Every structure is written in structure tokens, then in C-alpha cells.
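Colleague: Count along the sequence shown starting at 1, add 68, and that's the number in the working numbering.
Below are the C-alpha cells for one structure; questions will follow.
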Amino acid sequence: MSLTRLWDKKAEKNGVLRTVFSVTGDQYTGEWLQNRKHGKGTQVWKRAGVVYDGEWRFGKRDGFGTLSKQSPPSNNYEVIYSGEWKNDKKEGFGMEVYSPSSLYEGQWVEHERSGSGRMFYPNGDVYEGEWLKDKPHGQGVLTLANGNRYEGSWKDGRKNGPGCFFYLDKGQLYEGFWVDDVAKCGTMCDFGREHAATPTVIPSLRCSCRMLKVCYWRELPTVPTSESNTSTTRAAQKHLSENTPAQLTVRTPHPMSDYHTL
69 MSLTRLWDKK AEKNGVLRTV FSVTGDQYTG EWLQNRKHGK GTQVWKRAGV VYDGEWRFGK
129 RDGFGTLSKQ SPPSNNYEVI YSGEWKNDKK EGFGMEVYSP SSLYEGQWVE HERSGSGRMF
189 YPNGDVYEGE WLKDKPHGQG VLTLANGNRY EGSWKDGRKN GPGCFFYLDK GQLYEGFWVD
249 DVAKCGTMCD FGREHAATPT VIPSLRCSCR MLKVCYWREL PTVPTSESNT STTRAAQKHL
309 SENTPAQLTV RTPHPMSDYH TL
């Protein structure tokens, strides 16, 4: 081994060292392997006001770790992400805090929400279900702040496919199909009217003629609901079963102006 390589070998950072500073003011305290952060350690990015405390692998965040950021005006460090990392990206299970009233907990893939997860929105809404590339995608339940709830299919962050919308404040259930957050074909029925806030008019059955000639409630695919909502769903289906197809009218499509916003 040449003298130069020998000195380089001796200068390598290995094992546990004290704090190492960079010319930018950043600092790292923790374990090293062959001059790279490897093991457990804490990295401080001074200008960004960000701290990572957790596991490293060959210079990248890998394993379990917590990311914190300075919060003005106190400049105290507050956790913004706590969970698993892989190859310097959020990967696996983790929780990210967006604001005091908004956070996501669930699966991540390459820094994006993907898999199963639950999102608490600032307005009080809660979504729980499947995600893909940072958007609700697959099967999921959106519970609004007022208690109304949608259960069904999602695509690219919007209601798409079969689903049910429960108007718990009105005692109504809508079951049908959605396209890009817009209800296209389905039925509306009343249930538990004695608990409804105010009486409402039941809209007639509507169905896009381009999609189906006739659309009866029993032909619509059903979406599984949680066990706690089984009695509600059965009550709605019982009401529908007592109405024959002749009592349900089919009308040509026009804007659903008298529907509640879904």
C-alpha cells in the first residue's frame, strides 16, 4: 500500500465520532463507516432549520428516523415526519404533520403517500383507505366534518366508480356511480326519518341513457361498509325492496341541481 493510500485510510471516519461541522454550518453527530454516515446519527441543516435524528446507511437516511423543523417565532423544533426511510426517501409506515390540525399516517412509497393510510384534513374531514402517488385511489371512506360519509371507489383523488353517500344529517342514502366526483346514476332513499334534521324531497331515480337503459337499485354493485354502519345500510335496502321497479321512474340525464353536493 502506498504512503498516500495509507494516510487516506487512517483519515477515514469510522465508528462513533463527535460532532463534525461543514463549511455551511451544518453539523452531524453519530456513527460513520468509510467516511459516510452509517448507523445512528443526528444531522442539522442550519440554514433550512431542519434536523434529522435516526438511522443512516452509507450516507443516506435509511431505517427509522424523525425529521423536525424550526417553527417561528419561538424557533422550537417541531416534528414534521416520524417513520421509516429508504434510500433517503420516506418509505414504509410513517406519520407526517402538515399543521396542528392536519396529518397523515400510513404507508409511503418513494416520498409519496401510497398504500393504506388515513388523512386528517384542516377542515375536519377524514379520509381512510387506499392511496396511490399522493392521492386517494382504490377503496376508501371519506367522513365529512358534519358526519356525512362517502364509501366507495376512488381514482386520482376523486370519487370514481360505485359508492354510497350517507346524508346522516338528513336521514338519506344515495347509492350509485360517480365520475370525477360527480354522481351519474343511482338511487336516493330515506332511512331513519325520525332522526332527520329537516324533511327533504326524495329525488327520482336518474340514469344516463348512454350508460344503461334502465337502472334499478338491485342492479347496482354494493360497496362494503363498516360493521358499525350495517344497520343503517340494511334499513336503506329494506326501504328500497318495498318499492317495485314500476314505482321508480327513469329520466333522461340533466344537471343534478337539486342533489346535495357529493
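Every residue, glycine too, gets a C-beta built ideally from N, C-alpha and C.
Note that the coordinates shown come from a computational prediction; the quantities given were computed from them, not determined experimentally.
(1) Do Gly127 and Lys105 come within 8 Å of each other at the CB atom, strictly closer than that value?
(2) Where Ser150 and Pro230 are concerned, what is the direct C-alpha to C-alpha distance, given to the nearest angstrom?
(3) Pull the bridge partners of Tyr195 from the DSSP assignment, please.
(4) Please report the distance separating the alpha-carbon of Lys223 from that of Trp199.
(5) Between Asp121 and the rest of its own chain, which residues show a CB-CB distance below 7 Å, the 5 nearest in sequence each way excluded?
(6) Who are the near neighbours of Lys157 in its chain, counting only those whose CB is closer than 7 Å to its CB and skipping five residues on each side?
(7) Out of Tyr145, Leu85, Gly131, Arg217, state which residue places its alpha-carbon closest to the alpha-carbon of Lys114.
(8) Could you give the DSSP three-state label for Arg115: helix, strand or coil?
(9) Going by the DSSP bridge assignment, what does Arg181 pair with across the sheet?
(10) Excluding five sequence neighbours on each side, which residues of the same chain lie with their C-beta closer than 7 Å to the C-beta of Lys201?
(11) Where Gly206 and Ser167 are concerned, what is the direct C-alpha to C-alpha distance, given to the nearest angstrom?
(12) Report buried or exposed for Asp249, applying the criterion of at least 16 other Cβ atoms within 10 angstroms of its Cβ.
(13) Take Glu164 and list the residues in its own chain whose beta-carbon comes closer than 6 Å to its own, dropping the five residues that flank it on each side.
(14) Can you check the region 122-148 for any alpha helix (DSSP H) of at least 4 residues that lies completely inside it and give the ranges in chain order?
(15) Short of 6 Å in beta carbon distance, which residues of its chain neighbour Val331, apart from the five on each side in sequence? Order them along the chain.
(16) Per DSSP, which residues does Tyr218 bridge with? Please list them.
(17) Compare the beta carbon distance of Leu210 and Tyr195 with 8 Å and say whether it is the shorter of the two.
(18) Among the residues of its own chain, which have a CB less than 8 Å from the CB of Asn191, if the five just before and after it don't count?
(19) Output yes or no for whether 8 Å exceeds the beta carbon distance between Gly197 and Pro204.
(20) Report the three-state DSSP secondary structure of Pro168 (helix, strand or coil).
(21) Using alpha carbons as the reference points, say which of Val118, Glu159, Asp130 lies closest to Pro140.
(22) Please list, in chain order, all residues of the same chain as Phe89 whose beta carbon is under 6 Å from its beta carbon, the five residues on each side excluded.
(23) Quick check on DSSP: helix, strand or coil for Val91?
(24) Take Val247 and list the residues in its own chain whose beta-carbon comes closer than 8 Å to its own, dropping the five residues that flank it on each side.
Modeller: Judging by the given coordinates:
(1) Cβ atoms of Lys105 and Gly127: closer than 8 Å.
(2) If I take the Cα positions, the gap works out to 35 Å.
(3) Under the DSSP definition of a beta bridge, Tyr195 partners with Met187, Leu210.
(4) The straight-line gap from Cα to Cα measures roughly 9 Å.
(5) Here the set comprises Thr110, Gly133, Thr134.
(6) For Lys157, same chain residues with a beta-carbon under 7 Å away, outside a window of 5 residues either side, are Glu178, His179 in chain order.
(7) Comparing alpha carbon positions, the residue from Tyr145, Leu85, Gly131, Arg217 closest to Lys114 is Tyr145.
(8) Of the three classes helix, strand and coil, the one that applies to Arg115 here is coil, per DSSP.
(9) Residue pairing by DSSP places Arg181 opposite Trp176 in a beta bridge.
(10) Excluding residues within five positions, the ones whose Cβ falls inside 7 Å are Glu180, Ser182.
(11) Rounded to the nearest angstrom, the two C-alpha atoms are 26 Å apart.
(12) Counting Cβ neighbours within 10 Å, Asp249 comes out exposed, since fewer than 16 surround it.
(13) Closer than 6 Å at the Cβ level, and outside the excluded window around Glu164, lie Tyr149, Tyr172.
(14) Qualifying alpha helix (DSSP H) stretches: none in this window.
(15) Beyond the ends of the chain as shown, which are 69 and 330, falls residue 331; an answer cannot be given.
(16) According to DSSP, Tyr218 bridges with Leu210, Phe233.
(17) Yes; because the gap between Cβ atoms is below 8 Å, this pair is in contact.
(18) For Asn191, same chain residues with a beta-carbon under 8 Å away, outside a window of 5 residues either side, are Ala213 in chain order.
(19) Yes; because the gap between Cβ atoms is below 8 Å, this pair is in contact.
(20) Coil, per DSSP.
(21) Among Val118, Glu159, Asp130, the Cα nearest to that of Pro140 is on Val118.
(22) Gln95.
(23) Secondary structure at Val91: coil, using DSSP grouped into helix, strand and coil.
(24) Shown here for Val247: same chain residues with a beta carbon closer than 8 Å to its own, the five before and five after excluded, namely Asn228 in chain order.
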